[in-house]
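*Asks:* Chains as they are written, first to last, in the working numbering: chain A, 1 to 337; chain B, 1001 to 1337.
Note that the Cβ used here is the ideal one computed from N, Cα and C, for glycine as well.
Protein chains: 2
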Amino acid sequence: MTTIKDVARRAGVAPSTVSNYLTGNARVSPPTAKRIQEAIDELGYIPNRAARSLRVKHTNTLGLIVPDISNPFFSEIVRTINHVSQRMEYTVMLCDSGGDGTREKSLLANLLSQRVDGILMIHTGHRDDYVELATQASRPIVFVDRAVEGIRSVVTDNYTGGKLAARHLLGLGHTRFGILAGNTHVRNVQERLEGFIGEVEEHGYAIEPPCIISGEQTLETGREVDLLLKLRRPPTAIFATNDIIALGAWRKLLEMGVRVPEDVSLIGYDNIEMTQITVPDLTTIGQDKAEMGRQAVLALFEAMETKQVTGETTYIPPRLIVRGSTGPVEETAAAQG
Amino acid sequence: MTTIKDVARRAGVAPSTVSNYLTGNARVSPPTAKRIQEAIDELGYIPNRAARSLRVKHTNTLGLIVPDISNPFFSEIVRTINHVSQRMEYTVMLCDSGGDGTREKSLLANLLSQRVDGILMIHTGHRDDYVELATQASRPIVFVDRAVEGIRSVVTDNYTGGKLAARHLLGLGHTRFGILAGNTHVRNVQERLEGFIGEVEEHGYAIEPPCIISGEQTLETGREVDLLLKLRRPPTAIFATNDIIALGAWRKLLEMGVRVPEDVSLIGYDNIEMTQITVPDLTTIGQDKAEMGRQAVLALFEAMETKQVTGETTYIPPRLIVRGSTGPVEETAAAQG
DNA sequence: TTGAAAGCGCTAACAC
DNA sequence: GTGTTAGCGCTTTCAA
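Right, dumping it as structure tokens:
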């Protein structure tokens, strides 16, 4: 490996002059600048960042831990974070925890050991476990998509998202609802549910227990939609707490010959790309992932400056995206009730 | 930040003893070991990897550049690479080039500047541009999914994949084929096409130009399937060079009321998860991404040891996955011809 | 404008 | 088994 000394020798100057040239911290005369640049090109010199950061005490690197990069929801956030970090001359070290708490801890330790300047994290596990982690860490951490109370977080407003879905369905005249829920111990899912059910109840309707089916956040859970339809008074509208589940339900409905939205309306959550391949395409609640990512890195930079680990949670508002899978209650369906 | 000196002072030993304890390079007596560990815990000491790698001349870090982590095809490869690297005690720095050649170069420079020990790369752009890049680089690079001639690469065998698709369709009695192709200047797509068309021709049938539609690797391209069906002698089987395109075609067919596979058979490529949500589910050519990822890091480790940049290309065999979207030519369809 | 020298946190010889 | 010392590649005073 060629070093700054090699370059200096070749250009006939001192290492510190090369350093000055590279960092722009002090002016170097045009002729020497030229000689230095030539030496760099000839030698193919690439500065050693490890050595540099050992001196300057920062790495211009951010850590980012996500549960699963192959999840399109997360990968869109990742893309934005990458993008805005890069514009600020920061590199991001992206790590996939695989939803495994132990691995997550070890990744965090690794990041800290690399001396990243700050950390962005979509955590896995219980939110309360993270306040100690965040306060102990030698670098600021801001949480994304899943809030940690008392620590700077930026998430979307799931409660409002749930309300939005309910309001849309209620506006279409629906009064009997079914719910297909992902892991209900996940905070975000809980909040969507609370928002949805709360809004429905405010309008004087209720959602009885057998109308709520919960499972994993998979296509499989969606397929259990038939259970809902077999009820004595089947729902005319179904809320799935995420699009994957909605897609599973949609497929099952297609197999069963149940028409969407004529026989039953279906609404998802997240607005992943695949919601647009179904026929009809899926009405859903969209989360502004790009905005969430952007705000998250802004918050992190602020935390890095102020050295403040604690902080508020920022809520990014969700929005209703009406497509073809929801419609007014049909006379027939209404007659059944 | 607490350093190894702080720990040493607290434990009443020399820094080198702490180092010995940490690395296990030399034995330390149980009592001192205990005192050192206590000091570490009390101080919350985390070793500085930058400083360490400055000494030891390696970082135990691998670089990985992919065009788009949100693409489920790539993200599965990434997951495997992460996984096997981790077991070998290596950290991977994952970078998303966004399919942008300029950004790709800058990421590579960055990785080199970080002094990663080796680089894995799914490149964007023309393969020939990469041989210089790989030979100039101070660290070994192995290419994944997209081969670079003369440089160590591990890819799946797209030519055979195309053949497999054709053979399956031919075996079902099809003789008139349509093709929906992604960017045909991408090597992998070209090879799939060559394999498919070659096999068809070997059986004495031809695929005329109007039967081949090419565009981007998007749902949109798939939707142009109606052009194929409007031909004077429409195909009874359609090969899409990837699953996204196939999904687009499937949706369009559904809208048009064309039955799959009764009226037309449809086969995709890649075996992404979404091929299983359609009705019927999609017959496709599966690539063993996990195996590709595994072999790639193995190849990289070998290259890191031998310091050999040049090398062969390893081909991972694809396999046919028969599901519901392909079937025998119907009498009706056959009668039309 | 340029150079000499010290030191970031760590490890590896080597001496004790 | 443990301590001393030098030095990895870089930046940053401070002098010249």
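For the stretch 1310-1320 of chain B against the stretch 1136-1155 of chain B, are there 3 or more C-beta pairs whose distance is under 8 Å?
*Replies:* Contact between the stretch 1310-1320 of chain B and the stretch 1136-1155 of chain B is present, because at least three Cβ pairs lie under 8 Å.
*Asks:* Return no unless some Cβ of chain A is closer than 7 Å to the Cβ of LEU1266(B).
*Replies:* Numbered from 1 along the second sequence, position 266 holds the residue referred to as residue 1266(B). The beta-carbon of LEU1266(B) is placed no less than 7 Å from the nearest beta-carbon of chain A.
*Asks:* Out of THR1160(B), ARG1087(B), THR1221(B) and ILE1272(B), state which residue places its alpha-carbon closest to the alpha-carbon of ASN71(A).
*Replies:* Numbered from its first residue, the first sequence carries residue 71(A) at position 71. With distances taken between Cα atoms, ASN71(A) lies closest to ILE1272(B).
*Asks:* Residues of chain B with CB under 7 Å from SER70(A), in chain order?
*Replies:* Residue 70(A) sits at position 70 when you count from the first residue of the first sequence. Chain B residues near SER70(A): PRO1072, SER1075, GLU1076 and ARG1079.
*Asks:* Whole angstroms are fine: how far does the CA of ARG1192(B) sit from the CA of ALA1335(B)?
*Replies:* By 1-based counting over the second sequence, the position of residue 1335(B) is 335. By 1-based counting over the second sequence, the position of residue 1192(B) is 192. Interpretation of ALA1335(B) is limited by its pLDDT of 46, a score under 50 that renders its predicted location unreliable; the figure taken from the coordinates is listed afterwards. Cα to Cα, ALA1335(B) sits roughly 30 Å from ARG1192(B).
*Asks:* Taking 7 Å as the CB-CB limit, is PRO1067(B) close to chain A?
*Replies:* As a first step, residue 1067(B) must be located in the second sequence, where it is residue number 67. It does not; no Cβ of chain A falls within 7 Å.
*Asks:* Please list the partners that ASN1110(B) has in chain A, where partner means a Cβ-to-Cβ separation under 7 Å.
*Replies:* Locating residue 1110(B) in the second sequence gives position 110, counting from the first residue. Residues of chain A passing the Cβ test: THR91.
*Asks:* Below 8 Å, can you find three or more Cβ-Cβ pairs linking the stretch 1227-1235 of chain B to the stretch 1198-1206 of chain B?
*Replies:* no
*Asks:* Decide if ALA1206(B) is buried, meaning its Cβ has at least 16 other Cβ atoms within 10 Å, or exposed.
*Replies:* Your numbering for residue 1206(B) matches position 206 in the second sequence. Exposed: under 16 other Cβ atoms inside 10 Å.
*Asks:* Taking the beta carbon of ALA1026(B) as the centre, do at least 16 other beta carbons fall within 10 Å, making it buried, or is it exposed?
*Replies:* Translated into positions along the second sequence, residue 1026(B) becomes position 26. That one is exposed.
*Asks:* Distance check for ALA1240(B) and TYR1269(B), CA to CA, integer angstroms please.
*Replies:* The sequence position of residue 1269(B) within the second sequence is 269, counting from 1. The sequence position of residue 1240(B) within the second sequence is 240, counting from 1. Their Cα atoms are separated by approximately 7 Å.
*Asks:* Just how far apart, CA to CA, sit ASN1242(B) and ALA1181(B)?
*Replies:* Counting from 1 along the second sequence, the entry for residue 1242(B) is found at position 242. Counting from 1 along the second sequence, the entry for residue 1181(B) is found at position 181. Whole-angstrom Cα-Cα distance: 8 Å.
*Asks:* Taking 7 Å as the CB-CB cut-off, is MET1274(B) touching chain A?
*Replies:* Translated into positions along the second sequence, residue 1274(B) becomes position 274. At least one chain A Cβ lies under 7 Å of MET1274(B).
*Asks:* Can you name the start and end residues of the alpha helix (DSSP H) that GLY1178(B) belongs to?
*Replies:* For the purposes of this step, residue 1178(B) is taken as residue 178 along the second sequence, with counting starting at 1. Here GLY1178(B) belongs to no alpha helix (DSSP H); instead the beta strand (DSSP E) covers 1177-1181.
*Asks:* Starting from the Cα of ILE1141(B), find the closest Cα among VAL1297(B), THR1017(B) and LEU1022(B) and give me that residue.
*Replies:* Your numbering for residue 1141(B) matches position 141 in the second sequence. Of the candidates VAL1297(B), THR1017(B) and LEU1022(B), the one whose C-alpha sits nearest the C-alpha of ILE1141(B) is VAL1297(B).
*Asks:* Report the residue from THR1003(B), ALA1039(B) and LEU1247(B) whose alpha carbon sits nearest the alpha carbon of ARG1010(B).
*Replies:* Translated into positions along the second sequence, residue 1010(B) becomes position 10. Comparing Cα-Cα distances from ARG1010(B) to each of THR1003(B), ALA1039(B) and LEU1247(B), the minimum goes to ALA1039(B).
*Asks:* Going by beta carbon distance, what residues of the same chain come within less than 8 Å of SER85(A), once the five residues before and after it are set aside?
*Replies:* Counting from 1 along the first sequence, the entry for residue 85(A) is found at position 85. Same-chain partners within the cutoff: LEU62, THR91, VAL92 and VAL297.
*Asks:* Beta carbon of LEU282(A), beta carbon of ARG323(A): below 7 Å?
*Replies:* As a working note, residue 282(A) is residue 282 in the first sequence. As a working note, residue 323(A) is residue 323 in the first sequence. In contact: LEU282(A) and ARG323(A) (Cβ atoms closer than 7 Å).
*Asks:* Quick check on this structure: which residue in VAL1260(B), GLY1098(B) and GLU1089(B) has the alpha carbon closest to the alpha carbon of GLU76(A)?
*Replies:* Reading the first sequence from its first residue, position 76 is the one you call residue 76(A). Of all alpha-carbon atoms in VAL1260(B), GLY1098(B) and GLU1089(B), the one lying nearest the alpha-carbon of GLU76(A) is that of GLY1098(B).
*Asks:* Checking contacts by CB at 7 Å: is ARG1251(B) closer than that to chain A?
*Replies:* Position 251 of the second sequence holds residue 1251(B). Interface criterion met: the Cβ of ARG1251(B) is under 7 Å from a Cβ in chain A.
*Asks:* Which two residues bound the contiguous alpha helix (DSSP H) that contains VAL1258(B)?
*Replies:* Counting from 1 along the second sequence, the entry for residue 1258(B) is found at position 258. Neither: VAL1258(B) is in no alpha helix (DSSP H) and is coded neither H nor E.
*Asks:* Mark GLY44(A) as exposed unless 16 or more other C-beta atoms lie within 10 angstroms of its C-beta, in which case mark it buried.
*Replies:* Locating residue 44(A) in the first sequence gives position 44, counting from the first residue. Result: exposed.
*Asks:* In chain order, what residues of the same chain lie with their CB nearer than 7 Å to the CB of ARG1103(B), ignoring the 5 residues before and after it?
*Replies:* Counting from 1 along the second sequence, the entry for residue 1103(B) is found at position 103. Around ARG1103(B): SER1097.
*Asks:* For the putative contact between THR1278(B) and LEU1247(B), defined by C-beta atoms under 8 Å, what is the C-beta separation to the nearest angstrom?
*Replies:* On the second sequence, position 278 is the one that residue 1278(B) refers to. On the second sequence, position 247 is the one that residue 1247(B) refers to. About 7 Å; that satisfies the 8 Å criterion.
*Asks:* Contact defined as beta carbons within less than 8 Å: I believe LEU1112(B) pairs with SER1138(B). What is the distance between those atoms, to the nearest angstrom?
*Replies:* For the purposes of this step, residue 1112(B) is taken as the residue at position 112 of the second sequence. For the purposes of this step, residue 1138(B) is taken as the residue at position 138 of the second sequence. Right, the Cβ-Cβ distance comes to about 6 Å (below 8 Å), so this counts as a contact.
*Asks:* Just confirm the distance between the C-beta atoms of ILE1151(B) and VAL1309(B), as a whole number of angstroms; I'd bet it's less than 8 Å.
*Replies:* In the second sequence, counting from the first residue as 1, residue 1151(B) sits at position 151. In the second sequence, counting from the first residue as 1, residue 1309(B) sits at position 309. With a Cβ gap of about 7 Å, ILE1151(B) and VAL1309(B) count as contacting.
*Asks:* Using beta-carbon positions only, say whether GLU1121(B) and ILE1065(B) come within less than 7 Å of one another.
*Replies:* Translated into positions along the second sequence, residue 1121(B) becomes position 121. Translated into positions along the second sequence, residue 1065(B) becomes position 65. Going by the sequence as given, residue 1121(B) is Met instead of Glu. Contact annotation: MET1121(B) and ILE1065(B) have beta-carbon atoms nearer than 7 Å.
*Asks:* Mapping the DSSP letters down to three states, classify ALA1290(B) as helix, strand or coil.
*Replies:* Position 290 of the second sequence, counting from 1, holds the residue named residue 1290(B). Three-state DSSP puts ALA1290(B) in a helix.
*Asks:* Roughly how many angstroms separate the alpha carbons of PRO1280(B) and VAL1260(B), rounded to a whole number?
*Replies:* Working through the second sequence from its first residue, we reach residue 1280(B) at position 280. Working through the second sequence from its first residue, we reach residue 1260(B) at position 260. If you take the alpha carbons of PRO1280(B) and VAL1260(B), they lie about 7 Å apart.
*Asks:* Kindly indicate the opening and closing residues of the beta strand (DSSP E) around VAL345(A).
*Replies:* Because chain A in this structure spans residues 1 to 337, residue 345(A) falls outside the shown range and cannot be described.
*Asks:* What's the call for LYS163(A), buried or exposed, on a 16-neighbour Cβ count within 10 Å?
*Replies:* If you number the first sequence from 1, residue 163(A) lands on position 163. By the 10 Å Cβ count, LYS163(A) comes out buried.
*Asks:* Under 7 Å between the Cβ atoms of ILE1285(B) and GLY1101(B)?
*Replies:* Taking the first residue of the second sequence as position 1, residue 1285(B) is located at position 285. Taking the first residue of the second sequence as position 1, residue 1101(B) is located at position 101. Not a contact, by the Cβ cut-off of 7 Å.
*Asks:* Spatial neighbours of VAL13(A) within its chain, please: C-beta separation below 8 Å, excluding the five flanking residues on both sides.
*Replies:* The sequence position of residue 13(A) within the first sequence is 13, counting from 1. Hits under 8 Å: THR32, ARG35 and ILE36.
*Asks:* Who are the neighbours of ILE46(A) on chain B, taking C-beta pairs under 8 Å?
*Replies:* Stepping through the first sequence from its first residue, residue 46(A) is reached at position 46. In chain order: ALA1109, LEU1112, SER1113 and SER1138.
*Asks:* Determine the contact status of ILE1244(B) and GLN1217(B), defining contact as a CB-CB distance below 7 Å.
*Replies:* Looking up residue 1244(B) in the second sequence gives position 244. Looking up residue 1217(B) in the second sequence gives position 217. Yes, these two residues count as a Cβ contact at 7 Å.
*Asks:* Would you verify that the beta carbon of ASP128(A) is, or is not, closer than 7 Å to some beta carbon of chain B?
*Replies:* By 1-based counting over the first sequence, the position of residue 128(A) is 128. It does not: the Cβ of ASP128(A) has no partner Cβ on chain B nearer than 7 Å.
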